[in-house]
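Each remark here refers to the structure printed beneath this line.
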Amino acid sequence: MKENSIVQNNENKSNELENQIENASQFEKESNDGQSNKKIKSKYLNEKTVTIVLTLAVALIAVVFLFIRSNNTVGAKTSQEAAQGFVEAVNSDNYEKASNYVYYENDDVRKDVKKELKDKDKIQTSLHRHMYKTYKDYKIVSVDELGDEARVTLKRESEPGKIVYSDFKMKKVDDRWYCDIM
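Going by full-length UniProt numbering, the sequence shown opens with residue 1, and the numbers climb by one from there.
Here it is as structure tokens:
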């Protein structure tokens, strides 16, 4: 009987030890599963973060490109837009902007004119300003297109009740319209 109780006691201890081993291995498995889940979640978050950052970078590049392009655009899509842009710029004394709507032989001439318009001490600047100011206070009456050319008719009130009319030509070059006043 003593032997039975020893055997039974050993069996109980053995079962208890097996349960502890099983619990420990299950805990280790759960711990590994948790780490695996954390790795999966971490990987998902990293991929999501990279995707968001790349999307924002592409959007930022697109905005910068559009901003740069819109600032370097000269002329206008239509003769009406070019005439309106020129007259509005002249009426607000923004002669650099007005020069964007004027036809010049090439970009170097345009750059020189813009540089001169910035430097108020240059004599040439006053000539360009004078040419632009010729159209100050005018309003557009009509823009008549004929192929790649157009004529803009303007009017302004010089004295109460006295209307003065003027006009200038426009030309279309490379699908852009320009005031041909120089």
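Just so you know, even glycine gets a beta-carbon here, dropped at the ideal spot from N, CA and C. All of these numbers come straight from a predicted model, not from anything done at the bench.
Looking at the DSSP output, residue 140 bridges to 154.
Taken through DSSP and simplified to helix, strand or coil, residue 132 comes out as helix. Per DSSP, residue 92 lies in no beta strand (DSSP E) and is assigned neither H nor E. In this structure the segment 133 to 149 does not lie against the segment 45 to 60, because fewer than three pairs of beta carbons, one per stretch, are closer than 8 angstroms. Contact annotation, residue 178 with residue 85: C-beta distance approximately 10 angstroms; criterion of less than 8 angstroms not satisfied.
Your pair residue 169 and residue 155 does not check out as a contact, with CB atoms roughly 17 angstroms apart and the cut at 8 angstroms.
Approximately 14 angstroms separates the beta-carbon atoms of residue 109 and residue 181; this is outside 8 angstroms, ruling out the contact. For the 7 angstroms CB-CB criterion, residue 114 and residue 96 form a contact. Residue nearest to residue 117 within the set 55, 107 and 132 is 132 (criterion: CA-CA distance).
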